[in-house]
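I have placed the structure first, in the form of structure tokens, so that the comments after it can refer back to it.
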Amino acid sequence: MTGWQFAAFLGCVALATCAQSITGFAMALILLGLASLFDLAPLPDVANVATVLSLASAVIALRGAGRSPDWAIWKPTVSGSVFGYGAGVALMAWLNANVVTVLRLLLGVVVLACAAIVLLRTEPLARRSSRWSFRGFGFVSGVLGGLFSASGPPLVYQYYRQPVTLDVVRDTLVAALATGSLIRLAMVVPAGQFTLRSLLLCAVSLPLAMALTWWLRRHPPKWRRETVLKIVCGLLGITGVGLIGPAVRALAG
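With my numbering, letter number 64 in the sequence shown gets 64, and the count goes up by one each step, no holes.
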């Protein structure tokens, strides 16, 4: 990486961390989308960095007393996501080795789809979804997590519709995402897909991300959450279009 690419990557980490701290999601989507849009580093390496940063954020979020994950929701989600992560990691390795343009196109589509899903206003369900429903959403989440370390949006959509308290939803979501990050690391490290470049980028990104998280927890911005949500989704939309356009032109040519 050149000097400007390194600095730009840290800027993307800072932006993604701020979005994650304010909204609770979108770190991986923003980091991968911007890093790919500006061709700062290979997608597998950026996905590894996003996994480590997301895991560290989850550990901080679950610290302390009074946490209340719903393990009856967590268990089927994780059981489904294990298979999804296996499929996603394998697909990432194959696409990156054979058709990088298709990988960028797929990332662009995922970014746009996730932005749309997050903006959807869903009514709470009258009854809790079935275990098979959680397994299904866990599988989809795992595929996106294995591919791009972006497992959050399917679970955000599924969990926030459940007839449980907001604190339980948030804690269960954080626990599921943290478990997913561990699953992904357990797959990519033994397979040799966690490269020296990934390790270096993690080493320089983690202190920045943790410092920003610490600062924003003590000095939260006064913006309305809805406003921040629209800004983040707008950024995701622009990033998705920026990824899809060149990829389509390259495939058409």
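All C-beta atoms in this analysis are idealised placements derived from N, C-alpha and C, irrespective of residue type, glycine included.
Note that the structure is predicted; figures quoted are calculated from it, not measured.
Segment limits, alpha helix (DSSP H) that includes residue i
i    : result
Q162 : That residue, Q162, is in no alpha helix (DSSP H); it is neither H nor E in DSSP.
G254 : Outside the shown range of the chain, which is 1 to 253, sits residue 254, and nothing can be said about it.
L112 : 100 to 119
R135 : 131 to 148
M27  : 27 to 37
Short Cβ contact (7 Å threshold) for residue i with residue j
i    : j    : result
F194 : F139 : no
L182 : A58  : no
L62  : A50  : no
L243 : L107 : yes
V89  : G3   : no
S81  : G136 : no
L168 : Y159 : Note that residue 168 is Val in the sequence shown here, rather than Leu. Not in contact: V168 and Y159 (Cβ atoms no closer than 7 Å).
D171 : S68  : yes
T101 : A247 : yes
Reference residue i, options the options, closest by Cα
i    : options                : result
S133 : F9, W74, Y85, A113     : W74
L120 : R184, S141, P153, S129 : P153
S205 : T2, F9, M1             : F9
R161 : R224, I117, L185       : I117
E123 : G136, V164, S198       : V164
F148 : W4, F6, L34            : L34
P42  : P69, V109, L196        : L196
N48  : D39, L185, M1, G86     : L185
A87  : M1, A250, L144         : L144
R217 : I60, G245, V46         : I60
A203 : D45, G234, L91         : D45
A252 : Y85, L91, L105         : L105
G245 : S198, P190, R131, V109 : V109
M187 : A250, V241, Y85        : Y85
M1   : W223, A250, I231, L200 : L200
D70  : L166, A126, P221       : L166
Cβ neighbours of residue i in the same chain (closer than 7 Å, five flanking residues each side left out)
i    : result
V78  : G138, A176, T179
L208 : L10, V13, A14
D29  : The sequence as given places Leu at residue 29; Asp does not occur at that position. So the qualifying residues of the chain are V111, C114, A150, L236.
C233 : A115, V118, L119
R131 : P76
F38  : A8
Residues of its chain near residue i, where Cβ-Cβ distance is below 8 Å and the 5 sequence neighbours each way are ignored
i    : result
M27  : A16, T17, A19, Q20, A50, L53, S54, S57
L155 : T77, F137, G138, S141, L173, A176, L177
V241 : G108, L112
Residues near residue i in its chain [Cβ-Cβ closer than 6 Å; skip 5 each side]
i    : result
S129 : none
H219 : none
L5   : In the sequence on display, residue 5 carries Gln and not Leu. Cβ within range, chain order: L40.
I22  : V228
S198 : D45, N48
Short CB-CB distance (under 7 Å) between residue i and chain D
i    : result
I238 : Although the question refers to chain D, the structure presented lacks it and comprises just one protein chain.
Sufficient close CB pairs (3 or more, under 8 Å) joining the region 211 to 224 to the region 92 to 112: Not touching, per the Cβ criterion.
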